[in-house]
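Residue numbers (the numbering used here): 50 to 213.
Beta carbons: idealized from backbone N, C-alpha and C, even for Gly.
Here's the structure, in structure tokens; my notes come after.
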């Protein structure tokens, strides 16, 4: 494309009237490229800001429940990377001290098989302070529970679950 523009400019020099048209075209192209560069730079900046922006406790809790509701194991593991720390710890009445994404994902796989179409929903965030939160959840309409989560850098470091 650049060679075509240069040869067109050389041709236009021989025709003084067309030189103005071609130079306007080149200016327009330069403006277009500058605009594209500015848009691209802005997108990169917005992504960087989004990563550094504090995430609300409720958003992390909802993402945590989304992990439990995700039926596709590969998609679940991908979500876990953004919600849990690598060395996260999970404990509930049936599972003591599960460490890391793989162990928790295996437990969720087994649980999803027994839950069928039931899904987790957020009840109430009872309280959140000092990188910890206490909230209630429901599984379907009958089963409820409480989870205490501990955060590090906007991600879950540990979960202690209680069933009612």
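Give a yes or no on whether the C-beta atoms belonging to residue i and residue j are separated by under 8 Å.
| i | j | result |
| --- | --- | --- |
| residue 107 | residue 206 | no |
| residue 155 | residue 118 | no |
| residue 161 | residue 120 | yes |
| residue 132 | residue 116 | yes |
Residue i lies in the beta strand (DSSP E); which residues open and close that run?
| i | result |
| --- | --- |
| residue 121 | From DSSP, residue 121 is part of no beta strand (DSSP E); its letter is neither H nor E. |
| residue 135 | 133-141 |
| residue 191 | It is not in any beta strand (DSSP E) - residue 191 carries neither H nor E in the DSSP assignment. |
Return the chain-ordered list of same chain residues with a C-beta closer than 7 Å to the C-beta of residue i, the five sequence neighbours on each side being excluded.
| i | result |
| --- | --- |
| residue 183 | 175, 176, 195 and 197 |
| residue 127 | none |
| residue 171 | 110, 111, 114, 184 and 186 |
| residue 146 | 138 and 140 |
Taking 8 Å as the limit between beta carbons, can you name the residues of its chain near residue i, skipping five residues before and five after?
| i | result |
| --- | --- |
| residue 200 | 106, 109, 180, 181, 182 and 206 |
| residue 142 | 210, 211 and 212 |
Quick check on the DSSP output: the alpha helix (DSSP H) that includes residue i runs from which residue to which?
| i | result |
| --- | --- |
| residue 153 | 149-164 |
Leaving out five residues before and five after residue i in sequence, what residues of the same chain have Cβ atoms less than 6 Å from its Cβ?
| i | result |
| --- | --- |
| residue 136 | none |
| residue 52 | In this prediction, residue 52 scores a pLDDT of 48, lower than 50, which makes its location untrustworthy; the coordinate-derived value is nonetheless stated afterwards. Cβ neighbours of residue 52 beyond the five flanking positions: none. |
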